[in-house]
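Everything below concerns the one structure shown next.
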Amino acid sequence: MSKAVKRVVKNSFLQTFGSLGVTALNFLLSIGYAKFLGPEYYGALVTAQAQVLVWTILVDLGLSHSLIGTLTSAESQRDEISRQGFRTRDLLFRVLFIRLGGALVGAAIIFLMAKSRSPIGSARFWQDIAFTPFLFGFVLQQTAISLAMYRHRQAFSVMAYVFGVGLSVVAALFLAAKGASVGWMLFAQASGGFITGAMIFGYFFALNLIRRLGGNSRRVERTRGGAWGREAWRALARDAWPYAITSAAFVLWQRLDQLAASHLISIEAGGQYGLAVRLVGAPLLVASSVCFALFPDLQRIGLGAPERVKVMLGMVLKLIWRYGILMAAFILLLLSAIIVPLVPKFLPAIKLLPFFVPGIWAFWMQSFFISALFGLREYRRVVLAHLYSIAAYAALLPILTLSFGLLGVVWSFNVFCFAMVFFTARAAKAGGILPAKFLPWHPYTEAERKLISTAFSGHRGKVGA
């Protein structure tokens, strides 16, 4: 267990480091946009972004987790047949094919919606479609990062991700400083995924080429009678459907609030909310990235020793309960102190930040509930939790927005996060992942104390035995 836990901690630190780097870059981008554009133009930019990003539900489809889950499931049966049956290369081609199809459908919908609002060739039409290439860059980026996660190349994956985002941010800010149109800024920002994906796939291609030139290739060719041709799609679909539903729920939660602020209140209000929610995105991105980094190891541990996942989850939830809300408040307070003198026109956005603190705290807790549920393949329960939560959010969002303005949008944000905590906690207890009487304010158990010692010291003992 010690080796597995230390790998989990290492991967978490790597992913956290990368998330902090990307968060810092996005922070600079948001501040730069706010300084150069002002609330109204910034609102137009983030609204155009949201109208494209919502269609990532057709691209993600849960295939990153499905790819990792399929490969880790095959690790316990690594004979010759399973090697040829679960070749990473074949799975990658299938994932890319599906995602490219989704990106094409999304691009067609974006084009038709933009055409219905403005004549083709107009400035508004260009603004509405300029961010569309992001969908195709997202295809390459997410598939490449999944491969790197599975093969324990998090360090290179993080570097490529930060580098890709960094170049796109530099290009977008350069255009903003030069007074370029919103459309060109969006087009430049859409390039990051292509850069990241090209770097990671190029890295693995180079490794494969070096291995082949050295005569060390272990590739097993598929034979005519091999089972893979019949099993490939089923292998992906078996794990993909729950992730497709849950990722779609998160995409809708992340984008509908921006669209509600812009379309139900005003574009300028959308600009204020857009900056606020991007600042809030910093702690959210860290939690999501850490959970994604944990996922391959939780899948392996969950297959071999599910009781250890319970110990991990209990420990993390108690840590977040004790320190999470203070950390969230400190992060937003620090961001506020930096932002106010830089972009005084966005003071209404800064005033919204304290109202996000409870939602951030709840988001951190539900992130680890979800990781544990997926690690033990409690698919039905975790899907139902997402569906109940997004239904409550979608029902309340327009009501609260029209009744209370931007504060109503923030409260809708928090409703989703707390609904997720409630429903995922119930799912975890129903699935036996947590004791029925588990409460996060209870003292640490002996097994949880040993896990903390194993993760953060040189202790080599056995956890959860």
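Residues in the sequence shown are numbered from 3 upward in steps of one, following the working numbering. Backbone N, C-alpha and C fix where the C-beta goes; we use that ideal spot for every residue, glycine too. Note that the structure is a prediction, hence the values are computed from the model and not measured.
Three-state secondary structure assigned by DSSP to residue i
i, result
"isoleucine 435", "coil"
"serine 369", "helix"
"glutamate 380", "coil"
"phenylalanine 348", "helix"
"tyrosine 1", "Residue 1 lies beyond the stretch modelled for the chain, which goes from 3 to 467, so this question has no answer here."
"lysine 180", "coil"
"valine 61", "coil"
"glycine 34", "helix"
"phenylalanine 297", "Low confidence applies here, because phenylalanine 297 scores a pLDDT of 47, under 50, leaving its location unreliable and the question unanswered by this model."
"leucine 441", "coil"
"arginine 224", "Confidence is the limiting factor: at arginine 224 the pLDDT is only 47, short of 50, which leaves the residue's position unreliable and the question unanswerable from this model."
"isoleucine 202", "helix"
"proline 121", "coil"
"serine 407", "The sequence shown places glycine at residue 407, not serine. If DSSP states are grouped into helix, strand and coil, glycine 407 belongs with coil."
"serine 249", "helix"
"serine 414", "helix"
"serine 66", "helix"
"serine 264", "helix"
"lysine 452", "helix"
Cβ-Cβ distance between residue i and residue j below 8 Å
i, j, result
"leucine 2", "valine 171", "This structure does not reach residue 2, given that the chain is present from 3 up to 467, and the question cannot be answered."
"alanine 179", "phenylalanine 365", "no"
"leucine 408", "alanine 271", "yes"
"alanine 374", "leucine 315", "yes"
"valine 97", "threonine 145", "yes"
"valine 167", "glycine 194", "yes"
"alanine 331", "valine 359", "yes"
"threonine 49", "serine 264", "yes"
"phenylalanine 371", "alanine 427", "yes"
"alanine 387", "phenylalanine 425", "yes"
"valine 411", "aspartate 259", "yes"
"leucine 354", "proline 442", "no"
"phenylalanine 206", "leucine 149", "yes"
"proline 356", "leucine 378", "no"
"tyrosine 446", "methionine 317", "yes"
"tryptophan 238", "leucine 436", "It should be pointed out that residue 238 corresponds to leucine in this sequence rather than to tryptophan. The answer is no: Cβ separation not under 8 Å."
"lysine 452", "phenylalanine 440", "no"
"phenylalanine 165", "isoleucine 197", "yes"
Chain-order list of residues whose beta-carbon lies under 7 Å from that of residue i (same chain, five-residue window excluded)
i, result
"arginine 257", "Ala52, Leu55 and Val56"
"phenylalanine 113", "Ile131"
"alanine 190", "Ser170, Ala173, Ala174 and Leu177"
"leucine 47", "Tyr35, Leu39, Val184, Met187 and Leu188"
"leucine 266", "Pro400, Thr403 and Leu404"
"tryptophan 363", "Gly326, Ile327 and Ala330"
"glutamine 368", "Cys419, Met422, Val423 and Thr426"
"tyrosine 43", "Val184"
Contact set for residue i: own chain, Cβ-Cβ below 6 Å, skip 5 residues either direction
i, result
"alanine 351", "Gln274, Leu277 and Ala278"
"glycine 361", "Phe415, Asn416 and Cys419"
"glutamate 380", "Gly433"
"leucine 261", "Ala52"
"proline 135", "Ala192"
Contact test: residue i Cβ vs the ligand HEM heavy atom, cutoff 7 Å
i, result
"aspartate 259", "The ligand HEM is not part of this structure, which contains no ligands at all."
Neighbourhood of residue i by C-beta distance below 8 Å, restricted to the same chain and skipping five residues each side
i, result
"arginine 119", "Arg126, Phe127 and Asp130"
"alanine 329", "As written in the sequence, residue 329 is methionine, which differs from the alanine given in the question. Hits under 8 Å: Pro285."
"arginine 80", "Only weak support is given to the placement of arginine 80: the predicted model assigns it a pLDDT of 48, under 50, and the value that follows is read from those uncertain coordinates. Excluding positions up to five away in sequence, the list is empty."
"isoleucine 392", "Ala251, Leu254, Trp255 and Phe418"
"leucine 389", "Ile247 and Ala251"
"lysine 347", "Ala36, Gly40 and Pro41"
"valine 61", "Arg101, Gly104, Ala105, Gly108, Leu137, Phe140, Val141 and Gln144"
"alanine 421", "Tyr390, Ser391, Ala394 and Tyr395"
"valine 384", "Pro244, Thr248, Ile372, Leu375, Phe376, Thr426 and Ala429"
"lysine 117", "Phe127"
- Sufficient close CB pairs (3 or more, under 8 Å) joining the segment 330-345 to the segment 200-211: no
- Would you call the segment 122-131 and the segment 155-164 touching, i.e. three or more CB-CB distances under 8 Å? Verdict: no, contact absent.
- Query: Hey, which unbroken runs of the alpha helix (DSSP H) at 4 residues or more fall wholly within the segment 124-199?
  - Reply: 125-131, 135-152, 156-179 and 184-191
- Query: Okay, do the segment 22-29 and the segment 245-254 touch, 3+ Cβ pairs below 8 Å being the bar?
  - Reply: no
- Query: Any chance the segment 180-188 sits against the segment 197-204, with 3 or more Cβ pairs inside 8 Å?
  - Reply: no
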